[in-house]
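The next block holds one structure in the form of structure tokens; read it before the comments.
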DNA sequence: GGATAATTTGACCGACTGGTAAACATTACA
DNA sequence: TGTAATGTTTACCAGTCGGTCAAATTATCC
């Protein structure tokens, strides 16, 4: 008799490892495009190349699949913000943060859209994560930024809205990819747009945040 | 015998006017939260306070409802960009654009989310609008910005990515509202966050785009 | 190789989906 | 006021939804 995966005390078998991986990969494909409500187990099963009951053997409900996916992706997703270093130089820290976030938008667009879909639809499944771990991390980094501003290393500004603006500008290239491509047209459709975006955003934020003092004329 | 609305040649009756309005209002509520696939006619019918077949009397399919909604909202949504004036002063034009976009995010968050959902899910219903009217409008305004840069009125930068960054930062407050609230916490949950955002964003973009020359020390 | 546990699937269920048919109710207008 | 057009609803349909079940198949270990 089959043992539902939650009940077992022993280690996961090789097959379990592989299949769960396969399923979550397919689930990411589907959920990231259609959101939770708009996705069906059948779609995921087809992408995963296995039967629906087989999926439900590894994850008892659609919700469990979604949950597992969110849990797995959330930690990685916050990595760039976590790497934000209080001891570092403000300009290079902000530059680095923008660059890392843009790289993630380029390399993991599905993950970005998964969260975007979820938050857009009212975050019914991740409210706790937003109000808990996420808020704490942002509070911590906001304090760092505020200290920099107080020390005159960057211009005085609201650190929360600064973080929001870095999130939104960078994730835009993953979440609104179709729109970006449509507006840029065929020519700029290669990966070059990420380099252009990086150049623009680094300039915007560095110049926009540096303290204005006597500078050589441009 | 009932005449499906598309077939009639005469003017719309008062009832048609009212009911279609009512339905689109409800449809906006539902589509903006769950996207096209995730929304059901039953949900819309319940919000609209009428029976499902009654909705289908006015709009023959779910798709027609969505289409009508998009068409109605798109024009309004592009208004701020259209108002962008080549003859104006660059700083005040950019400031004004940010302010207007933020006001729309505050006053019409459902409209913003409707588009966000649609684009996020690959824009299957509005691809033509993106590649056509939207691209043309952006191209036109990008040329204006490029001319400003060439004339030394603002710093040299990629006008497309500038527009993207204004879109993303402002719409963020509508589309990711739950997340913004969660991170800001209870205290900042009032409408004050829009004023804070406006202050931050205007500062960021104005300072980030102004040409660096000798300035008084801060 | 055989017993046992783990994995996979086809058939199925009740609820819901987008949409239809036709009867019924209401309105506009002569 | 009558009647034809317009508007509304109940009952329904075929297909899909998330999920179950039991039987069949495969891997594991002695």
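Protein chains in written order, with this note's numbering: chain A, 49 to 266; chain B, 49 to 266.
Cβ atoms here follow ideal geometry from the backbone N, Cα and C, with glycine treated the same way.
Since the model is a prediction, treat every value here as computed from it, not as a measurement.
Alpha carbon of residue i to alpha carbon of residue j, nearest angstrom
i: residue 166 of chain A; j: residue 181 of chain B; result: 29 Å
i: residue 190 of chain A; j: residue 154 of chain B; result: 24 Å
i: residue 71 of chain B; j: residue 117 of chain B; result: 10 Å
i: residue 108 of chain B; j: residue 248 of chain A; result: 46 Å
i: residue 124 of chain A; j: residue 135 of chain B; result: 46 Å
i: residue 150 of chain B; j: residue 69 of chain A; result: 41 Å
i: residue 250 of chain B; j: residue 62 of chain B; result: 45 Å
i: residue 239 of chain B; j: residue 219 of chain B; result: 15 Å
i: residue 146 of chain A; j: residue 244 of chain B; result: 22 Å
i: residue 223 of chain B; j: residue 161 of chain B; result: 5 Å
i: residue 120 of chain A; j: residue 75 of chain A; result: 12 Å
i: residue 99 of chain B; j: residue 234 of chain A; result: 45 Å
i: residue 104 of chain A; j: residue 90 of chain B; result: 28 Å
i: residue 92 of chain A; j: residue 111 of chain A; result: 13 Å
i: residue 102 of chain A; j: residue 152 of chain A; result: 32 Å
Chain-ordered neighbours of residue i on chain B, where CB pairs are closer than 9 Å
i: residue 64 of chain A; result: Within 9 Å Cβ-Cβ: nothing; residue 64 of chain A doesn't reach chain B, min ~30 Å.
i: residue 42 of chain A; result: Because residue 42 of chain A is not part of the residues shown, which for chain A are 49 to 266, the question remains open.
Residue-level contact to chain A via CB, residue i, 8 Å cutoff
i: residue 208 of chain B; result: yes
i: residue 55 of chain B; result: Because the pLDDT of residue 55 of chain B is 40, which lies under 50, any placement of that residue in the model is unreliable, and the question is left without a value.
i: residue 161 of chain B; result: yes
i: residue 149 of chain B; result: no
i: residue 169 of chain B; result: yes
i: residue 217 of chain B; result: yes
i: residue 231 of chain B; result: yes
i: residue 119 of chain B; result: no
Residues that residue i contacts on chain A, provided the C-beta gap is smaller than 9 Å
i: residue 76 of chain B; result: Chain A residues near residue 76 of chain B: none, gap ~14 Å exceeds 9 Å.
Whether residue i touches residue j by CB criterion (8 Å)
i: residue 213 of chain A; j: residue 252 of chain B; result: yes
i: residue 9 of chain A; j: residue 202 of chain A; result: An answer regarding residue 9 of chain A cannot be provided, because it is not within the stretch 49 to 266 covered by chain A.
i: residue 173 of chain A; j: residue 84 of chain A; result: yes
i: residue 254 of chain A; j: residue 142 of chain A; result: yes
i: residue 77 of chain A; j: residue 158 of chain A; result: yes
i: residue 115 of chain A; j: residue 131 of chain A; result: no
i: residue 230 of chain A; j: residue 168 of chain B; result: no
Cβ of residue i within 8 Å of any chain B Cβ
i: residue 186 of chain A; result: yes
i: residue 245 of chain A; result: yes
i: residue 129 of chain A; result: no
i: residue 189 of chain A; result: no
i: residue 251 of chain A; result: yes
Amino acids of chain A, ordered along the chain, whose beta-carbon sits closer than 7 Å to that of residue i
i: residue 228 of chain B; result: 212
Amino acids of chain B, ordered along the chain, whose beta-carbon sits closer than 7 Å to that of residue i
i: residue 85 of chain A; result: 82, 86
Under 8 Å by beta carbon: chain A residues contacting residue i
i: residue 122 of chain B; result: Chain A residues near residue 122 of chain B: none, gap ~13 Å exceeds 8 Å.
Residues that residue i contacts on chain B, provided the C-beta gap is smaller than 8 Å
i: residue 220 of chain A; result: 212, 213, 215, 216
Give, in chain order, every unbroken run of the alpha helix (DSSP H) that is at least 4 residues long and sits entirely within the stretch 138-207 of chain B.
-> List check, alpha helix (DSSP H) in window: 138-155, 157-168, 183-198.
Along the chain, which unbroken stretches of the beta strand (DSSP E) at least 3 residues long are found entirely within the stretch 210-234 of chain B?
-> Fully enclosed beta strand (DSSP E) runs of 3 or longer: not present.
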